[in-house]
Each structure stands twice: as C-alpha cells, then as structure tokens.
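Student: Dropping the structure in here first, questions after.
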Amino acid sequence: MRVIESRDLTALSAQAAQLPRRRLNINLHADSADSVQRMVIAFEPEAYIRPHRHSLQFETFVLLRGRGSLLSFAGDGIVDQRIELAEDGARVVEIPAGIWHSLVSQAPGTLVVEVKPGPYRPTAESDFAAWAPPEGHADAGACRDWMRSCSVGDRFGSQK
26 MRVIESRDLT
36 ALSAQAAQLP
46 RRRLNINLHA
56 DSADSVQRMV
66 IAFEPEAYIR
76 PHRHSLQFET
86 FVLLRGRGSL
96 LSFAGDGIVD
106 QRIELAEDGA
116 RVVEIPAGIW
126 HSLVSQAPGT
136 LVVEVKPGPY
146 RPTAESDFAA
156 WAPPEGHADA
166 GACRDWMRSC
176 SVGDRFGSQK
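Each residue of the sequence shown is one higher than the one before, counting from 26 in my numbering.
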C-alpha cells in the first residue's frame with residue numbers, strides 16, 4: 026500500500042521550487058513498463074511544459090492543491106479551450122489521445138495527480154507543438170507566461 030500524506034506533498038512542492046525546471050514528481054507505479062502510469066506532480070508557476078500531444082493514449086489530471094490552467098490547442102497553436110483547475114473550479118480533466126495541450130501553474134505549491142496508460146513512452150519530437158519553443162529555449166519563458174494569461178482564440182506570438 027502506498028500512502029502520501031499532506032507533509033509529503035508539502036515537501037514535494039518545496040523540492041520542486043528549488044529545481045531548475047520547477048517541477049518534480051513521485052511515481053506511484055512501480056516500473057515504467059506498468060500498464061498504468063500514475064504520479065503526483067508538483068509544479069511551480071515558473072515551470073514550462075511545452076505544448077504536446079499523446080498520439081495513442083489519454084491523459085487524466087486531478088488537482089490536489091493550488092491552481093492551474095489546462096489549455097488545448099488546434100494544430101496551428103490557436104487556443105481551443107482553457108480549463109481552470111482550482112478548488113472552486115474543475116478538479117478532474119481527461120484529455121483524449123491526439124489533443125495538443127499544456128498545463129501551467131497559477132500558484133506556488135500546485136500539485137496534480139496524472140494518470141495515463143503505460144508503458145511509459147517518451148514524447149516523440151513530432152508530438153511536441155512545432156509552434157512552441159523547446160524547453161530551455163530563450164522564448165520558453167515567454168510562451169509559459171503567455172499560456173498563463175491567454176484566452177480562447179489566441180495564438181502564441183500573435184498580437185491581440
């Protein structure tokens with residue numbers, strides 16, 4: 026049996042805040058070959074998750090603490106949907122296979138549970154949005170900041 030207590034979540038968030046990527050996870054599955062991948066992810070407002078898709082699998086997020094925004098995109102980068110994850114908003118979101126998406130933290134200490142079918146498959150370059158800068162690129166922070174405040178119909182790099 027695996028038990029994660031409130032103090033463990035607090036410690037995970039504190040550790041994530043100290044890392045360069047500003048995110049950290051605890052795997053609940055025993056092995057990357059498991060048929061169901063489950064993890065608790067701490068991610069801070071400075072974390073950048075490049076928009077991507079999972080061609081063959083769904084992905085589910087459950088908000089534990091904090092606030093986040095889940096964005097879905099058309100293939101050309103236009104925001105299709107913006108879902109606010111919050112205690113008084115959406116708590117669970119399932120993303121079907123093939124949907125371009127990203128998740129941004131809107132508050133320090135944000136934690137989610139992620140569930141998706143296994144085994145673990147690294148995201149192929151073709152499944153990262155070509156219009157979004159790679160992690161570590163000089164424009165990655167600008168893309169993250171844009172995602173934190175963009176609206177449906179917006180596109181990164183376009184003027185309003």
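Note that the Cβ used here is the ideal one computed from N, Cα and C, for glycine as well. Please read all numbers here as calculations on a predicted model, not as lab measurements.
Check for me: the beta strand (DSSP E) holding residue 34 runs from which residue to which?
Tutor: No beta strand (DSSP E) contains residue 34, which is instead part of the alpha helix (DSSP H) from 31-43.
Student: Identify which residue in 145, 175 and 166 has its Cα closest to the Cα of residue 58.
Tutor: Considering only alpha carbons, the answer is 145.
Student: Is the CB-CB distance between residue 152 and residue 158 below 7 Å?
Tutor: Not closer than 7 Å, so no.
Student: Is the beta carbon of residue 148 less than 7 Å from the beta carbon of residue 77?
Tutor: The answer is yes: Cβ separation under 7 Å.
Student: Excluding sequence positions up to five away, which residues of its chain have a Cβ less than 8 Å from the Cβ of residue 117?
Tutor: Excluding residues within five positions, the ones whose Cβ falls inside 8 Å are 85, 86, 87 and 88.
Student: If we count the other Cβ atoms within 10 Å of its Cβ and call it buried at 16 or more, is residue 162 buried or exposed?
Tutor: Exposed, because fewer than 16 other Cβ atoms sit within 10 Å of the Cβ of residue 162.
Student: What do you get for residue 91, buried or exposed, if any count of 16 or more other CB atoms within 10 angstroms of its CB means buried?
Tutor: Under this definition residue 91 is a buried residue.
Student: Considering only heavy atoms of the ligand GDP, does any lie closer than 6 Å to the CB of residue 137?
Tutor: The ligand GDP is not part of this structure, which contains no ligands at all.
Student: What would DSSP say about residue 63, mapped onto helix, strand or coil?
Tutor: Three-state result, residue 63: strand.
Student: Within 10 Å of its beta-carbon, does residue 70 have 16 or more other beta-carbons around it, so buried, or fewer, so exposed?
Tutor: So residue 70 counts as buried.
Student: Hey, out of 111, 124 and 81, whose CA is closest to residue 100's CA?
Tutor: That would be 124, whose Cα lies nearest to the Cα of residue 100.
Student: Relative to the alpha-carbon of residue 39, which residue among 94, 52, 135 and 128 has its alpha-carbon at the smallest distance?
Tutor: Out of 94, 52, 135 and 128, 135 has the C-alpha closest to the C-alpha of residue 39.
Student: Which of the three DSSP states is assigned to residue 115 in this structure?
Tutor: Residue 115 falls in the strand class under three-state DSSP.
Student: Here's the rule: buried if 16 or more other CB atoms are within 10 angstroms of the residue's CB, otherwise exposed. What is residue 201?
Tutor: There is no way to answer for residue 201, as the model of the chain reaches only from 26 to 185.
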